[in-house]
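Okay, so the sequence shown: first residue is 48 according to our numbering, each after it adds one.
Even glycine gets a Cβ: it sits at the ideal position worked out from N, Cα and C.
In what follows, a structure is listed as structure tokens, so that the remarks can point back to it.
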Amino acid sequence: MLRSGICGAAFAAILAASPAVAQDHNWSGLYLGAHGGYGWADTDYPGTPAHPRGAPRPDLEGGLVGGQVGYNHQINNIVLGVEADYSFTHMAETARDGNFITQDHELSGFGSIRGRLGFASGNWLIYGTAGWAWNRADHNQTCPAGALAGTHCATAGQYNLSKSETETGWVYGAGVETAITENWSLRAEYLRYDFDSEGYNLGTAPSGVVIGTKTLEHEVDVVRLGVNYRFGGRSDHHPVSLK
Numbered sequence: 048m049l050r051s052g053i054c055g056a057a058f059a060a061i062l063a064a065s066p067a068v069a070q071d072h073n074w075s076g077l078y079l080g081a082h083g084g085y086g087w088a089d090t091d092y093p094g095t096p097a098h099p100r101g102a103p104r105p106d107l108e109g110g111l112v113g114g115q116v117g118y119n120h121q122i123n124n125i126v127l128g129v130e131a132d133y134s135f136t137h138m139a140e141t142a143r144d145g146n147f148i149t150q151d152h153e154l155s156g157f158g159s160i161r162g163r164l165g166f167a168s169g170n171w172l173i174y175g176t177a178g179w180a181w182n183r184a185d186h187n188q189t190c191p192a193g194a195l196a197g198t199h200c201a202t203a204g205q206y207n208l209s210k211s212e213t214e215t216g217w218v219y220g221a222g223v224e225t226a227i228t229e230n231w232s233l234r235a236e237y238l239r240y241d242f243d244s245e246g247y248n249l250g251t252a253p254s255g256v257v258i259g260t261k262t263l264e265h266e267v268d269v270v271r272l273g274v275n276y277r278f279g280g281r282s283d284h285h286p287v288s289l290k
């Protein structure tokens, strides 16, 4: 319910903020912008039993803010483009694995390089997008002192080990953008990030027990609002016609 409510609010904000501008707005050109929004991430341990026999799968969520740069080329009503973006975030969750082990998961940022294909009508642009993505993720595992005999923590001893990795994968989504002047536009979009599994080598506890590598996998859903400034005006760029 929360996800669908935020998505609906984002698109409603775009509709409410969109004034009428000249018909057949030109989307061609270089643009630079900023965005903010909210994201949800699912965590998985590929190839291991589901919780409670396996490690708990925390759900991460949090706000995000970032920027984007791109270029559009318009041919009649078709808009072709490429865009690069990066979002700073703090999606974090702590999960207790068994009676003693705690595991901290965090995504601190993610970016992408994507192609875009859109259809323009008046001052509106509806588009789909897909491309390559990466993120910055951290995993921490802690065993406290005083664990009961026979448990993993009692065997390995007290430790606090962390590892950071860059995960890569694919991203796809869709959005709607509206021009509010010849150079400024507002957008709302949804993106789905599917990152490949990544090994986090936590190393060895002070006791000498090898903790080893934990394999994690993240999938992230993001809704965000953005604003773009396109360089050049109508006098500089015109939609290319195939007539």
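Each of Thr136, Arg161, Pro103, Asn124 was checked against the Cα of Gln115, and the nearest Cα belongs to Arg161.
Among the bridge pairs identified by DSSP, Arg239 is matched with Tyr219, Asp268. In the DSSP secondary-structure assignment, Tyr206 is bridged to Cys190.
Nearest in C-alpha terms to Thr225, of all of Asp144, Pro105, Ala131, Tyr174, is Tyr174.
Counting only residues of its own chain and dropping the five nearest sequence neighbours on each side, Gln150 has a CB closer than 6 Å to the CB of Ala142, Asp144, Gln188. By the neighbour-count criterion, in which a residue is buried when 16 or more other Cβ atoms sit within 10 angstroms of its Cβ, Asn119 is buried. When DSSP states are grouped into helix, strand and coil, His199 belongs to the helix group. Tyr276 counts as exposed, since fewer than 16 other C-beta atoms from the protein chains shown sit within 10 angstroms of its C-beta.
His137 sits in a strand when the DSSP states are folded into three classes. For Tyr174, the three-state secondary structure derived from DSSP is strand. Residue burial annotation: His137 is exposed, with fewer than 16 other C-beta atoms found within 10 angstroms of its C-beta. Excluding its 5 nearest sequence neighbours in each direction, Ser209 has C-beta neighbours in its own chain below 6 Å: Asn187, listed in chain order. With respect to Gly165, Val126 sits close: the two C-beta atoms are nearer than 8 Å. In the DSSP assignment, Arg143 is bridged to Thr149. Excluding sequence positions up to five before and after Trp181, its CB lies within less than 7 Å of the CB of Phe157, Gly158, Thr213, Glu214, Thr215, all in the same chain and listed in chain order. The Cβ neighbour count for Thr90, taken over all protein chains shown within 10 Å, is at least 16; the residue is labelled buried.
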